[in-house]
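*Asks:*
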Amino acid sequence: MSSLNKLPESMKSLPNAENIRLEIPLTLSEREFVLKCRNQIQDILNGMDSRHLLIVGPCSLYDTEASLEYAYKLKGLQEKVKSSFLIVMRAYFEKPRTQLGWRGLMHDPSLDGSYNIPEGIRLTRKLLKKLVEIDMPLATEFLDATSPLYFEDMISWGCIGARTAASPFHRMMASNLKMPIGFKNTPDGNIETALEAIQVAKAPQTFIAPSSQGVMSIVNTPGNKQGHLVLRGGRLGPNYHKDIIRTALSQTDRLIVDCSHDNSRKDPAKQMDVFKDVMHQIGSGETGIRGLMLESFLSLGNQIISHPLKYGVSVTDPCLDFESTQNMILQCADIQKPSFVHC
363 MSSLNKLPES MKSLPNAENI RLEIPLTLSE REFVLKCRNQ IQDILNGMDS RHLLIVGPCS
423 LYDTEASLEY AYKLKGLQEK VKSSFLIVMR AYFEKPRTQL GWRGLMHDPS LDGSYNIPEG
483 IRLTRKLLKK LVEIDMPLAT EFLDATSPLY FEDMISWGCI GARTAASPFH RMMASNLKMP
543 IGFKNTPDGN IETALEAIQV AKAPQTFIAP SSQGVMSIVN TPGNKQGHLV LRGGRLGPNY
603 HKDIIRTALS QTDRLIVDCS HDNSRKDPAK QMDVFKDVMH QIGSGETGIR GLMLESFLSL
663 GNQIISHPLK YGVSVTDPCL DFESTQNMIL QCADIQKPSF VHC
């Protein structure tokens, strides 16, 4: 190879997504499970299933053992509330960064700045497969053109985050994703950007992106008609209160409320207040709210990345502990019963 055709020393090649999927494949039954979960989520969003969607789990994945322990606990909770909720576990393996910080399991699996991305891709796919193997539906945020190639087949619900909802590329990428996609309001609280993104993603698009073989390609998308708004609060304050939600629902027919982020000011205890407020709105007849999101892990709070790490504690945003999460969800599970007022 001539020097002109060599990769610069600052660049290293990655294993292509097709090979990684063959190396760590889903079985037929696992693929069917993911499709079933996508359809159930779609039915909930479209009002064809009376249950509500709960997207619950750690701010970010970083520990296989702790993630699996949490998933088993969540699976047990799902069985108890299956007539009221469909629980989908947060499985976020990339973190959007506007400042310095850990960028997630896929990028830095050792949490030490070594950025062994090939290992991160494999470790992430192995963990997601283990979660799907136990019949746990998964949710994640898609940050760039590459991660869907490696992981889309394992994800039941996807998200375009507050920082990327305005990005033309992310809107076009969402139009090609084969699952319901939530678009978050921007960090300043603006919902118009997310509503525009939903409309763009709904339409067929043509754009340039890498293929699963790693070849730059022309992508023609069918459009994704399962886009929806996610309210996550903004710099000016929360946006989960009744009047704000009614205003939002005058512009769209369905939405999800994120109880964390700026709706709780990243205070995990305040997530409980947001959750109960929104559940009361649902109990009072608000049909446009189709789901809620919670950041929750085995233990309360978060920790600075150091070694050794505390087991089951978030390394990014503070999380609600599982026991509090479970008790709150159980209390609010049946919004038709008189006891719901005590949620």
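So the sequence shown is numbered by the numbering used here: it starts at 363 and just counts up by one. The C-beta atom is built at its ideal place from N, Cα and C for all residues, glycine as well.
Tell me, please, whether the stretch 558–571 touches the stretch 533–541 by the rule of three or more beta-carbon pairs shorter than 8 Å.
*Replies:* Contact holds: three or more Cβ-Cβ distances are below 8 Å.
*Asks:* Measure the C-alpha to C-alpha separation of Leu493 and Ser676 and round it to an integer number of angstroms.
*Replies:* Leu493 and Ser676: Cα-Cα distance of roughly 18 Å.
*Asks:* Compare the Cα-Cα distances from Tyr432 to each of Ile496, Asn625 and Gly599 and report the closest residue.
*Replies:* Answer by Cα proximity: Ile496.
*Asks:* Find the nearest neighbour of Gly599 within the set Ala559, Asn582 and Thr548, judged by alpha-carbon distance.
*Replies:* Per the Cα distances, Thr548.
*Asks:* Excluding five sequence neighbours on each side, which residues of the same chain lie with their C-beta closer than 6 Å to the C-beta of Gln575?
*Replies:* So the list reads Asn378 and Glu380, once near-sequence residues are dropped.
*Asks:* I'd like to know whether the C-beta atoms of Ile479 and Val450 end up nearer to each other than 9 Å.
*Replies:* No, they are not a contact pair.
*Asks:* Does the Cβ of Pro700 have 16 or more other Cβ atoms within 10 Å, making it buried, or fewer, making it exposed?
*Replies:* Note on Pro700: pLDDT 47, under 50, position unreliable in the model; the coordinate value appears next. It is exposed - the Cβ of Pro700 has fewer than 16 other Cβ atoms within 10 Å.
*Asks:* Since I believe Arg484 is in contact with Ile382 (beta carbons under 8 Å), could you give me their beta-carbon distance rounded to a whole number of angstroms?
*Replies:* Rounded, the Cβ-Cβ distance is 7 Å, consistent with contact.
*Asks:* Please state whether the Cβ-Cβ distance between Asn601 and Asn625 is less than 9 Å.
*Replies:* Yes. Within cutoff.
*Asks:* Going by the beta-carbon positions, is the gap between Ala695 and Ser375 smaller than 9 Å?
*Replies:* Going by C-beta atoms, Ala695 is not nearer than 9 Å to Ser375.
*Asks:* Decide if Ile607 is buried, meaning its Cβ has at least 16 other Cβ atoms within 10 Å, or exposed.
*Replies:* Ile607 should be labelled buried.
*Asks:* Take the Cβ of Gln688 as the centre, count every other Cβ of all protein chains shown within 10 Å, and call the residue buried at 16 or more, exposed below.
*Replies:* Gln688 is buried by the Cβ-count criterion.
*Asks:* Check each candidate in Gly585, Gly653 and Gln643 and name the one with the smallest Cα separation from Arg594.
*Replies:* Selected option, being the one with the closest Cα: Gly653.
*Asks:* Where does Asn401 sit, in a helix, a strand or coil, going by DSSP?
*Replies:* Of the three classes helix, strand and coil, the one that applies to Asn401 here is helix, per DSSP.
*Asks:* Can you name, in chain order, every residue of its own chain whose Cβ lies under 6 Å from the Cβ of Asp405, other than the five neighbours on each side?
*Replies:* Cβ within range, chain order: Asp411.
*Asks:* Is the beta carbon of Met516 closer than 9 Å to that of Val396?
*Replies:* Against a cut-off of 9 Å, the Cβ pair of Met516 and Val396 comes out as a contact.
*Asks:* Is Ser509 helix, strand or coil when you go by DSSP?
*Replies:* Three-state result, Ser509: helix.
*Asks:* Spell out the partners DSSP gives Leu617 in its beta bridges.
*Replies:* Looking at the DSSP assignment, Leu617 forms a beta bridge with Leu591 and Ile651.
*Asks:* Count the other C-beta atoms from every protein chain shown that fall within 10 angstroms of the C-beta of His414, then say buried if there are 16 or more, exposed otherwise.
*Replies:* Label assigned to His414: buried.
*Asks:* Compute the beta-carbon to beta-carbon distance between Val592 and Ile618, rounded to the nearest angstrom, for a pair I have assumed lies under 8 Å.
*Replies:* Right, the Cβ-Cβ distance comes to about 5 Å (below 8 Å), so this counts as a contact.
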